[in-house]
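Here is the structure we will look at, set down as structure tokens.
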Amino acid sequence: MSGGRGDICLTILLHLLLCLVIFYTVYYMIGSICHGAFRLDTFDGLIPFEFKIEPSYSNPKYLVSLLSMELTYFTSSLLFAALLKQWVWDYAITVTLIHVILTSLVMGEFPLVWQWWVALGSGLFLMICNGQLVTYFACNDFSSSALDSF
Numbered sequence: 001m002s003g004g005r006g007d008i009c010l011t012i013l014l015h016l017l018l019c020l021v022i023f024y025t026v027y028y029m030i031g032s033i034c035h036g037a038f039r040l041d042t043f044d045g046l047i048p049f050e051f052k053i054e055p056s057y058s059n060p061k062y063l064v065s066l067l068s069m070e071l072t073y074f075t076s077s078l079l080f081a082a083l084l085k086q087w088v089w090d091y092a093i094t095v096t097l098i099h100v101i102l103t104s105l106v107m108g109e110f111p112l113v114w115q116w117w118v119a120l121g122s123g124l125f126l127m128i129c130n131g132q133l134v135t136y137f138a139c140n141d142f143s144s145s146a147l148d149s150f
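Right, dumping it as structure tokens:
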């Protein structure tokens, strides 16, 4: 035997680490593009963790934060699907839970802004739906009769 469970756990941890790297890399890339598009003076390095911005559609910093979050979840779903080819929903939920924990640690308090939670929840929903659809249509082997196993 070659470890079995240990190999599976190592693979899961490696995939989780890669998903986290993808998520935060995409977040900073999209955040910097949005900062440039909205012509904000300074780039806030805390953009993935910032939830204290005044939620108003007339506030460009809030719009950058909101767009960055939603576009990150959308883009990450496609990259997660390419990497994982299955179980995207599981990794999406886990990455989001880790993101909430890291946000609380970085900002020094638990996020209580309901607009942030709505944006996070809609981004997670978008990530799960897109990721699962991509894996179903792009990674599904239609030659095997998976439905016959039911």
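1 is the number of the first residue of the sequence shown in UniProt numbering; add one for each residue after it. Even glycine gets a Cβ: it sits at the ideal position worked out from N, Cα and C.
Exposed unless 16 or more other CB atoms sit within 10 angstroms - verdict on residue i
{"i": "residue 151", "result": "Within the shown structure, residues of the chain are numbered from 1 to 150, placing residue 151 beyond reach of any answer."}
{"i": "Phe-51", "result": "buried"}
{"i": "Ala-37", "result": "exposed"}
{"i": "Ile-22", "result": "buried"}
{"i": "Gly-31", "result": "buried"}
{"i": "Leu-97", "result": "exposed"}
{"i": "Trp-116", "result": "buried"}
{"i": "Leu-105", "result": "exposed"}
{"i": "Thr-11", "result": "exposed"}
{"i": "Ile-101", "result": "exposed"}
Residue i versus residue j - alpha carbon distance
{"i": "Cys-139", "j": "Ser-77", "result": "14 Å"}
{"i": "Ala-81", "j": "Tyr-73", "result": "12 Å"}
{"i": "Ile-47", "j": "Met-29", "result": "11 Å"}
{"i": "Thr-75", "j": "Leu-112", "result": "26 Å"}
{"i": "Val-64", "j": "Cys-9", "result": "37 Å"}
{"i": "Asp-44", "j": "Asp-7", "result": "39 Å"}
{"i": "Thr-103", "j": "Val-95", "result": "12 Å"}
{"i": "Met-107", "j": "Phe-125", "result": "24 Å"}
{"i": "Ser-49", "j": "Arg-5", "result": "According to the sequence as given, residue 49 is Phe; it is not Ser. Approximately 34 Å between the Cα atoms of the pair."}
{"i": "Met-1", "j": "Asp-41", "result": "The predicted position of Met-1 is uncertain, since its pLDDT is 44 and thus under 50; no value can be drawn from it."}
Element boundaries [alpha helix (DSSP H), containing residue i]
{"i": "Glu-70", "result": "60-84"}
{"i": "Trp-32", "result": "Rather than Trp, the amino acid found at residue 32 in this sequence is Ser. That run of the alpha helix (DSSP H) goes 5-37."}
{"i": "Gly-121", "result": "114-139"}
{"i": "Trp-89", "result": "88-107"}
Whole-number beta carbon distance between residue j and residue i, since they are thought to touch under 8 Å
{"i": "Gly-123", "j": "Glu-54", "result": "Wrong, their Cβ atoms sit about 20 Å apart, outside the cutoff."}
{"i": "Cys-34", "j": "Ser-68", "result": "5 Å"}
{"i": "Leu-79", "j": "Ala-119", "result": "Going by Cβ atoms, the distance from Leu-79 to Ala-119 rounds to 20 Å, so no, they are not a contact pair."}
Any non-hydrogen atom of the ligand COA within 7 Å of residue i CB
{"i": "Thr-42", "result": "Ligands are entirely absent from the displayed structure, and the ligand COA is therefore not among its contents."}
Check: Would you call the region 88-105 and the region 9-17 in contact, with 3 or more CB pairs under 8 Å?
Finding: yes
Notebook entry, point to check: Is the region 127-135 in contact with the region 58-69, if contact means three or more CB pairs nearer than 8 Å?
Noted result: no
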